[in-house]
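Read the structure below first, then the notes.
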Amino acid sequence: MALRFKNSFTRTKEEFRPIDEGKVRMYTCGPTVYNYAHIGNFRTYMFEDLLRRYLKYKGYDVTQVMNLTDIDDKTIRDSQKEGVSLKEFTDRYTKAFFEDIDSLGIERAEYYPPATEHIPEMVVLIQKLVENGLAYEVDGNYYFRISAFKDYGKLAHIDMDGLKAGARVAADEYEKDSVSDFALWKAWDEADGDVYWETELGKGRPGWHIECSAMSMKYLGETFDIHTGGVDNMFPHHENEIAQSEGATGKKFVNFWMHSEYLIVEGRRMSKSAGNFYTLRDLMEKGFSGVAVRYLLLSTHYRQQLNFTLTGLDAARKALERYLDFISNLADYVGGVSSGGEAEQVIRKVKSGFEDALDDDLNISGAMGVIYDFIRDINRLKAEDRLSIEERDQALETIRKIDTVLNFTYNEANLDIDEEIDSLIAQRTEARKNKDFALADKIRDDLIARGIILEDTAQGVKWKRKV
RNA sequence: GGCGGCAUAGCCAAGUGGUAAGGCGGAGGUCUGCAAAACCUCUAUUCCCCAGUUCGAAUCUGGGUGCCGCCUCCA
Numbered sequence: 001m002a003l004r005f006k007n008s009f010t011r012t013k014e015e016f017r018p019i020d021e022g023k024v025r026m027y028t029c030g031p032t033v034y035n036y037a038h039i040g041n042f043r044t045y046m047f048e049d050l051l052r053r054y055l056k057y058k059g060y061d062v063t064q065v066m067n068l069t070d071i072d073d074k075t076i077r078d079s080q081k082e083g084v085s086l087k088e089f090t091d092r093y094t095k096a097f098f099e100d101i102d103s104l105g106i107e108r109a110e111y112y113p114p115a116t117e118h119i120p121e122m123v124v125l126i127q128k129l130v131e132n133g134l135a136y137e138v139d140g141n142y143y144f145r146i147s148a149f150k151d152y153g154k155l156a157h158i159d160m161d162g163l164k165a166g167a168r169v170a171a172d173e174y175e176k177d178s179v180s181d182f183a184l185w186k187a188w189d190e191a192d193g194d195v196y197w198e199t200e201l202g203k204g205r206p207g208w209h210i211e212c213s214a215m216s217m218k219y220l221g222e223t224f225d226i227h228t229g230g231v232d233n234m235f236p237h238h239e240n241e242i243a244q245s246e247g248a249t250g251k252k253f254v255n256f257w258m259h260s261e262y263l264i265v266e267g268r269r270m271s272k273s274a275g276n277f278y279t280l281r282d283l284m285e286k287g288f289s290g291v292a293v294r295y296l297l298l299s300t301h302y303r304q305q306l307n308f309t310l311t312g313l314d315a316a317r318k319a320l321e322r323y324l325d326f327i328s329n330l331a332d333y334v335g336g337v338s339s340g341g342e343a344e345q346v347i348r349k350v351k352s353g354f355e356d357a358l359d360d361d362l363n364i365s366g367a368m369g370v371i372y373d374f375i376r377d378i379n380r381l382k383a384e385d386r387l388s389i390e391e392r393d394q395a396l397e398t399i400r401k402i403d404t405v406l407n408f409t410y411n412e413a414n415l416d417i418d419e420e421i422d423s424l425i426a427q428r429t430e431a432r433k434n435k436d437f438a439l440a441d442k443i444r445d446d447l448i449a450r451g452i453i454l455e456d457t458a459q460g461v462k463w464k465r466k467v
């Protein structure tokens, strides 16, 4: 089956073909570094991680760019509130962002351009828009003239004439030609303090949308393959990016637009302004691991709203445990007789099922379904001692290949041997030998309280950390 | 007012014309000192409601009900 993605632009599933054979260039809207990112943000980054990992699994050479918005109203406001420089402020949250994506096993993009390091590129782009008659200046502010760009609204399918002139239009934007025109460059005012750039456009700072146009085209070219973000970015942000980019180059900006749905919490919309959000750090403080959060965020299809609950996170943790135990127990399996071709069939089935599902617009639920079928089938052969060493190795190789996409095993490196635990296990083994089960069980319970789970197997005592 | 999405078991969720995947939870069993892990069996006569098309519909059409999102800087 061919790889197909739902293209938000055409609103249909289309076969994916990159511009350059074997290479994919993608731009993923990144964080505004003014706070710890919440799990809704990470839901989107997780979808993008799945996308890039699956593209790599399919053999594509992926170049991904994720911007870091380190200059906007919020970063200025909050850094001033704290009395620290913009740089010091945004550096702190940039660092936190990278720590968090590491905790979640999200693979690094090739480029993380910060907006503040690309002011000259933005200025050039704005000048070009002025030249093309698509931008105008009022008191040092530059705006994009939407009425001059005839395709405006084609991504979000919004008819500008039909827009309700509503209460959400800020009162202080009266100087624009049209309320819908958006800012490309904002002239300095006192509230900006020492945050400004002296440029050919004057003293000021960029608008929000322009950074994505400038930086995406710098690193990926004027036309590239995939652009992603949360659905809320579709309008106006992505619509504006198209207007800015195509208005400047006259070329098609992006071939495939992909948008992830919201994560909601207990059935309600989560947002930074509503204050009902969980950061990754909040969940880790409650004792959940990054990989459990990863499992939850990854295992719901990206175009489906994900209703986050702590109960759901716990269910995800348990399902993940089954997956991890499968791999770990399979690796320890000493082998039995050959299954006579059954294992091979099971392996073939999971490979094709996994790929067919993900080829179909990243249908992760379908993919997880066939993986759990595979786990049960192999475990059954194991239970019947009908899995040879060779077959075991093939099964292991298969699940590990699959795991390059899912990446649920990245915490395994943490399972380093702890001398104290070994010594307690030895004490317990001795107690069991002496039929002192009360002591043996106490040691086991104490370890469980510390997140260490013991299993008595035919090959001896195994231990693992709670995920 | 405009645009769009969703409704499948206690919970999460796949399935877009051929007779309901998978996970969590629950019940019983095998194994075990007891557990854990694993395996086996069971857990939706049915997919929000009504009507229609069809040999056949969770899937298509029409109508209804309920929930949600976007409509100018929120992933």
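The working numbering applies: residue 1 is where the first sequence begins, and numbers increase by one. Cβ coordinates follow ideal geometry from the N, Cα and C atoms, glycine included.
To which residues of the same chain is residue i closer than 7 Å at the C-beta, ignoring the five residues directly before and after it?
i: G166; result: Confidence at G166 is low in this model, with a pLDDT of 38, below 50, so its placement is unreliable and the value that follows should be read with caution. Within the same chain, G166 has no close Cβ partners at all.
i: V123; result: T199, E200 and L201
i: D72; result: T32 and W208
i: I371; result: V350, F354 and I402
i: Y196; result: W188, K203, G204 and R205
In chain order, what residues of the same chain lie with their CB nearer than 6 Å to the CB of residue i, ignoring the 5 residues before and after it?
i: A248; result: L125, K128 and L129
i: T409; result: D403
i: K6; result: K13 and D361
i: S388; result: G335 and S338
Can you look up residue i in the DSSP assignment and give me helix, strand or coil?
i: N329; result: helix
i: T409; result: coil
i: Q304; result: coil
i: K150; result: coil
i: V467; result: coil
i: G202; result: strand
i: N7; result: strand
i: R348; result: helix
i: N35; result: coil
i: S245; result: helix
How about residue i and residue j: do their beta carbons lie closer than 8 Å?
i: K56; j: D361; result: no
i: G40; j: M270; result: yes
i: K203; j: A187; result: yes
i: S216; j: V24; result: no
i: L313; j: A292; result: yes
i: K462; j: G451; result: no
i: F97; j: V33; result: yes
i: M46; j: L280; result: no
i: I453; j: K464; result: yes
i: T116; j: D189; result: no
i: S103; j: G290; result: yes
i: G533; j: D61; result: The structure shown has nothing for residue 533, since the chain only spans 1 to 467.
i: L155; j: F9; result: yes
i: H301; j: N363; result: yes
i: Q427; j: A343; result: no
State the start and end residues of the unbroken alpha helix (DSSP H) segment that holds residue i.
i: K74; result: D73 to E82
i: F235; result: Counting along the chain, F235 falls outside any alpha helix (DSSP H), and DSSP gives it neither H nor E.
i: D446; result: F437 to A449
i: M270; result: Where M270 is concerned, there is no enclosing alpha helix (DSSP H), given that its DSSP letter is neither H nor E.
i: N379; result: I364 to A383
i: Q127; result: I119 to E131
i: T457; result: No alpha helix (DSSP H) contains T457, which is instead part of the beta strand (DSSP E) from I452 to T457.
i: R428; result: E419 to K433
i: V291; result: G290 to L298
i: H209; result: H209 to L220
At the level of alpha carbons, what is the spacing between residue i and residue j?
i: S299; j: F144; result: 40 Å
i: R348; j: T228; result: 32 Å
i: K351; j: T398; result: 8 Å
i: I264; j: V334; result: 45 Å
i: I378; j: K318; result: 19 Å
i: R17; j: L3; result: 8 Å
i: T75; j: K382; result: 56 Å
i: A109; j: V179; result: 36 Å
i: A444; j: R294; result: Rather than Ala, the amino acid found at residue 444 in this sequence is Arg. Whole-angstrom Cα-Cα distance: 28 Å.
i: A148; j: D181; result: 10 Å
i: S365; j: Q304; result: 11 Å
i: R53; j: G83; result: 41 Å
i: Y262; j: G460; result: 46 Å
Quick check on the DSSP output: the beta strand (DSSP E) that includes residue i runs from which residue to which?
i: Y143; result: N141 to F144
i: D189; result: That residue, D189, is in no beta strand (DSSP E); it is neither H nor E in DSSP.
i: Y45; result: Taken as a continuous stretch (DSSP letters only), Y45 belongs to no beta strand (DSSP E), being part of the alpha helix (DSSP H) at I39 to Y57.
i: T94; result: Not the beta strand (DSSP E): T94 falls in the alpha helix (DSSP H), residues L86 to S103.
i: E14; result: T12 to E15
i: E198; result: W197 to T199
Return the chain-ordered list of same chain residues with a C-beta closer than 8 Å to the C-beta of residue i, the five sequence neighbours on each side being excluded.
i: N132; result: G247 and A248
i: H237; result: C29, W208, H209, C212 and G229
i: L220; result: R25, M26, Y27, T63 and V65
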